[in-house]
Amino acid sequence: DDMNVLFIVVDDLRPVLGCYGDKLVKSPNIDQLASQSIVFSNAYAQQAVCAPSRVSFLTGRRPDTTRLYDFYSYWRVHAGNYSTMPQYFKENGYVTLSVGKVFHPGVSSNYSDDYPYSWSTPPFHPSTEKYENDKTCRGKDGKLYANLVCPVDVTEMPGGTLPDIQSTEEAIRLLNVMKANKQKFFLAVGYHKPHIPLRYPQEFLKLYPLDNITLAPDPWVPEKLPSVAYNPWMDIRQRDDVKALNVSFPYGPLPDDFQRQIRQSYYAAISYLDTQVGLLLNALDDVGLSGRTIVVFTADHGWSLGEHGEWAKYSNFDVATRVPLMFYVPGVTTSSVSQGERVFPYRDPFGHILSLVPKGRSKKAVELVSLFSTLAELAGLQVPPTCPQTSFHVARCTEGASIVRYFNASEEKVEEEKNG
Amino acid sequence: CDDTYGCFNEEPVAFSQYPRPADTPQWNSDKPKLKDIRIMGYSMRTIDYRYTVWVRFYPNNFSANFEDVHAGELYMVETDPNQDYNIYNNTSHGFFFKKIL
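Chains as they are written, first to last, in the working numbering: chain C, 36 to 455; chain H, 8 to 108.
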């Protein structure tokens, strides 16, 4: 039968998750999703920066074909009128919906998240998104700043909430509408955190006492790193708390204790994000659609946490390009779900953390540009053809082959069988 | 097998890239506008290595000149998983260069 698609994309999330082996992080809801999914350990973005990566995986074309390496062009005008993955689902009878940050806002998505081409209804953006970079972080002096490290009292925030909380509420509302209307849907939910500023409910700091936070294993600029390869992390330098440190350009370094504060807040922001994903997946159970919905969980690129003396993305290092990528496919990655069965009960990161393992794991090196063809194949749609060498004139083709072929040959199973 | 993903029994390859305005870090190195891009770093990854060449790039016609290599990186996953020891200049990398082309 027709499968729905819930596509969750997270901004600047590197695979710092329990299901990727991180021992410190509390991510029970994403780990629970992984326990029902195939998890790709070596998935990479085509470019470690928001708009180019998102336009690439949403069109199934590489940056050299979208010709977007910055934020300032719209592929349909600038390169070619390429169909997008949601557009393809829409043309195949799906209601396609966008909540939060799926396309990068602005020029690169025609100031419309590519609506109406990609989406059935105008994309939802949280009303509090506009305060993201305002002075809402309380300093030690009690004043408000636009900091990088920004644990907050949510009740004090403009509108008394945060963008990702609003996105989850809207996504849950849409799930109920789709259920009531018995419509098959492609719902894309784009979460903002842990993109900077690291602004999250301050209670999540309790999960990561600063004493438990170390520096990166290699916090120095490698001796033989070509200078062209180095990313001088300009965006975080503009934040009030980093500016006040007066760090030298381009190599810094940031003071050790502040490096640990950044890492601490990146982890706290992930646990906050995990609760939002948990509420969303719990709602999928509530509307009884967990057995009929493919769930994809990924990110647009990673983020350097001090490795190689770098912060943020903007480089070709693995820490900046590698992303979490997992697919939950009822009846494929797990046995079919019986009516009323709960697959994703909400798990509290402050509670007891179960140690869950992915249902399947593949170590194959795969790419986000393959998402379009992979999801088409999983949903039973015709897979777009491979693009010719030059494809600016071709509306629908893909430069990333489907990776469904790796679902069954996941190394874990092969190893288990080998070990007998 | 010459397609991006090779034969089933051949390790698949993941390609990434990143633009730069100059050979040394400057204020717009992180996010150069298209018109300011002068170099493109093309990376090729498998589960065994990451090979990157930083080559001359021409924004006016979106072309890259792989004969004008500004710098290179090569890291072997097994011996250097954190990519701290660039062995590009210590090894012959003709094989990688041919493969990335």
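Glycine included, each C-beta is placed from N, C-alpha and C at the ideal position. Note that the structure is predicted; figures quoted are calculated from it, not measured.
I want to verify the contact list: residues of chain H whose CB lies under 9 Å from the CB of residue i, in sequence order.
i, result
"C/Trp338", "Under the 9 Å cutoff, chain H gives no residues; its nearest Cβ is about 13 Å from C/Trp338."
"C/Arg102", "Leu41, Phe69"
"C/Glu342", "Asn89, Gln90, Asp91"
For residue i and chain C, any beta-carbon pair shorter than 8 Å?
i, result
"H/Asn93", "yes"
"H/Arg63", "no"
"H/His77", "yes"
"H/Glu85", "no"
"H/Gly101", "no"
"H/Cys14", "Residue placement at H/Cys14 is flagged as unreliable, the pLDDT there being 47, under the threshold of 50; the coordinate-derived value follows with that caveat. Not one chain C Cβ lies under 8 Å of H/Cys14."
"H/Cys8", "For H/Cys8, the pLDDT reaches just 40, beneath the cut-off of 50, and the residue's location in the model is therefore unreliable, leaving the point undetermined."
How would you list, in chain order, the residues of chain C whose beta-carbon sits under 9 Å from the beta-carbon of residue i?
i, result
"H/Phe22", "Tyr79, Gln81, Arg97, Glu402, Val404"
"H/Thr31", "Ser262, Val263, Tyr265, Pro285"
Under 7 Å between beta-carbons, which chain C residues line up against residue i? List them in chain order, please.
i, result
"H/Glu74", "Ordered by position in chain C, no residue passes the 7 Å Cβ test against H/Glu74, which lies about 17 Å from the chain."
"H/Asn67", "In chain order: nothing, as chain C lies at least about 12 Å away."
"H/Ser36", "Asn266, Pro267"
"H/Ile107", "What H/Ile107 touches in chain C: nothing, since even the nearest Cβ is about 12 Å away."
If contacts are defined as beta-carbon pairs under 8 Å, then residue i and residue j qualify, I think. What distance do you get, rounded to the angstrom?
i, j, result
"C/Ile297", "C/Trp346", "7 Å"
"C/Phe221", "C/Thr131", "5 Å"
"C/Thr203", "C/Leu103", "Going by Cβ atoms, the distance from C/Thr203 to C/Leu103 rounds to 29 Å, so no, they are not a contact pair."
"C/Ala83", "C/Thr356", "5 Å"
"C/Ile43", "C/Cys54", "14 Å between Cβ atoms; not a contact."
"H/Pro26", "H/Phe69", "No, H/Pro26 and H/Phe69 are not in contact; Cβ-Cβ is about 11 Å, not under 8 Å."
"C/Pro254", "C/Gln294", "7 Å"
"H/Asp37", "C/Asn281", "Between C/Asn281 and H/Asp37 the Cβ distance is about 19 Å, and since that is not below 8 Å, they are no contact."
"C/Gln122", "C/Tyr226", "Rounded, the Cβ-Cβ distance is 22 Å, inconsistent with contact."
"C/Pro229", "C/Leu308", "7 Å"
"C/Arg100", "C/Asp149", "With the sequence shown as reference, residue 100 of chain C is identified as Thr, and Arg is not the correct amino acid for it. No, C/Thr100 and C/Asp149 are not in contact; Cβ-Cβ is about 16 Å, not under 8 Å."
"C/Thr368", "C/Ser72", "5 Å"
"C/Asn351", "H/Gly48", "5 Å"
"H/Tyr82", "H/Tyr56", "6 Å"
"C/Pro232", "C/Leu183", "6 Å"
"C/Val74", "C/Met361", "4 Å"
"C/Pro380", "C/Asp320", "7 Å"
I'd like to know if residue i contacts chain H, where contact means its C-beta is closer than 8 Å to some C-beta of that chain.
i, result
"C/Asn351", "yes"
"C/Pro285", "yes"
"C/Ser325", "no"
"C/Val187", "no"
"C/Thr356", "yes"
"C/Tyr152", "no"
"C/Val84", "yes"
"C/Ser108", "yes"
"C/Asp105", "yes"
"C/Lys399", "yes"
"C/Gly455", "Note that C/Gly455 has pLDDT 47, beneath the 50 cutoff, so the model's placement of it is unreliable and no number is given."
"C/Val130", "no"
"C/Pro423", "no"
So which residues on chain H does residue i lean against when the C-beta distance must stay under 7 Å?
i, result
"C/Glu238", "Near C/Glu238 there are no residues of chain H at all, since even the closest Cβ is about 32 Å away, more than 7 Å."
"C/Asp57", "Here the premise fails: no neighbours, minimum Cβ distance about 15 Å."
"C/Asp270", "Asp37"
* Asked: If you scan the stretch 246-310 of chain C from start to end, which runs of the alpha helix (DSSP H) of 4 or more residues do you find wholly inside it?
  -> Counting whole runs of 4 or more residues, the stretch 246-310 of chain C contains the alpha helix (DSSP H) stretches 269-272, 275-278.
* 3-residue-minimum beta strand (DSSP E) runs that sit fully inside the stretch 370-450 of chain C, ordered along the chain -> Within the stretch 370-450 of chain C, the complete beta strand (DSSP E) runs of at least 3 residues are 395-402.
* Below 8 Å between beta carbons is the criterion; list the residues of the stretch 50-61 of chain H that meet it against any residue of chain C, in chain order. => From the stretch 50-61 of chain H, only Ser50, Arg52, Thr53, Ile54, Arg57, Thr59, Trp61 have a Cβ closer than 8 Å to chain C.
* Asked: Which runs of the alpha helix (DSSP H) fall wholly inside the stretch 55-89 of chain C and span at least 4 residues, in chain order?
  -> The qualifying runs are 63-69.
* To do: Identify each residue in the stretch 241-268 of chain C for which the Cβ-Cβ distance to at least one residue of chain H is less than 9 Å, and report them in chain order.
  => Cβ contacts with chain H come from Ala251, Pro252, Asp253, Trp255, Pro257, Glu258, Lys259, Leu260, Pro261, Ser262, Val263, Ala264, Tyr265, Asn266, Pro267, Trp268.
* Asked: Any residues in the stretch 207-239 of chain C with a beta carbon nearer than 7 Å to a beta carbon of chain H? Which ones, in chain order?
  -> Those residues of the stretch 207-239 of chain C placed with their C-beta closer than 7 Å to a C-beta in chain H do not exist.
* Can you list, in chain order, the stretches of the beta strand (DSSP E) that have 3 or more residues and sit fully within the stretch 121-165 of chain C? -> Secondary structure in the stretch 121-165 of chain C: the beta strand (DSSP E) runs of 3 residues or longer, each lying completely within the stretch, are 130-135 in chain order.
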